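Colleague: Using the numbering used here, read the sequence shown as starting at 2 and increasing by one per residue. Just so you know, even glycine gets a beta-carbon here, dropped at the ideal spot from N, CA and C. These numbers come from a predicted model, not from an experiment. Attaching a single structure in structure tokens format; questions to follow.
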Amino acid sequence: MNYVVSDVITRIKNASLARRRSVVLPYSKLVKEIATVLVKEGFLSEVKEEKDGQKKTLIAGIRYEKRTPVFSDVLLFSKPSLRIYTAAKDIVKTSKRGRGVAILSTSKGVLTGKEAAKKGVGGELLFKIW
Numbered sequence: 002m003n004y005v006v007s008d009v010i011t012r013i014k015n016a017s018l019a020r021r022r023s024v025v026l027p028y029s030k031l032v033k034e035i036a037t038v039l040v041k042e043g044f045l046s047e048v049k050e051e052k053d054g055q056k057k058t059l060i061a062g063i064r065y066e067k068r069t070p071v072f073s074d075v076l077l078f079s080k081p082s083l084r085i086y087t088a089a090k091d092i093v094k095t096s097k098r099g100r101g102v103a104i105l106s107t108s109k110g111v112l113t114g115k116e117a118a119k120k121g122v123g124g125e126l127l128f129k130i131w
């Protein structure tokens with residue numbers, strides 16, 4: 002696994018398309034913060050930590066409305082070969098292009114575009130989900 006963000010997003014998207022109730026995610030601080038933000042924004046129903054011996058994993062519950070996943074698509078911005086950074090003043094422009102929620106990795110942790118703009122911090126633009 003080279004890039005954990007794309008792996009996590011792909012797992013969540015595939016699980017929702019397969020109509021799974023939950024998905025197993027590899028544990029890391031970044032993944033836990035991303036999953037927590039997605040729960041807070043209503044894209045996931047819950048996130049639980051599980052420990053199997055020495056290995057930790059996260060179990061994320063997929064949220065559905067009328068048997069349809071709450072999110073329809075995800076657009077990945079940053080990747081290992083090309084990191085995309087944005088300043089606090091440019092976040093509003095990024096998140097106002099249509100619907101959806103921009104997710105950023107900032108010095109204050111993983112935040113949505115609106116939260117980062119309110120706090121006045123920029124960071125790495127990870128993905129947009131709608």
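Rounded to a whole number of angstroms, what is the C-alpha to C-alpha distance between ASN15 and LEU26?
Modeller: Taking the straight line from one Cα to the other gives about 12 Å.
Colleague: What first and last residue would you give for the beta strand (DSSP E) that runs through GLU116?
Modeller: Unbroken run through GLU116 is the alpha helix (DSSP H), 114-120; no beta strand (DSSP E).
Colleague: Under DSSP, the beta strand (DSSP E) around ILE130 begins and ends at which residues?
Modeller: Element bounds for ILE130: 124-130.
Colleague: Mind checking which residues open and close the alpha helix (DSSP H) that includes LEU18?
Modeller: That run of the alpha helix (DSSP H) goes 5-18.
Colleague: Could you confirm whether any beta carbon from chain B is found closer than 8 Å to the beta carbon of ARG22?
Modeller: This model lacks chain B altogether; it includes just one protein chain.
Colleague: Return yes when the Cβ of VAL102 is within less than 8 Å of the Cβ of ILE130, no when it is not.
Modeller: Yes. Within cutoff.
Colleague: Determine, using beta carbons only, whether VAL61 and ALA89 come nearer to each other than 8 Å.
Modeller: The residue asked about is misnamed: residue 61 is Ala in this sequence, not Val. Not a contact, by the Cβ cut-off of 8 Å.
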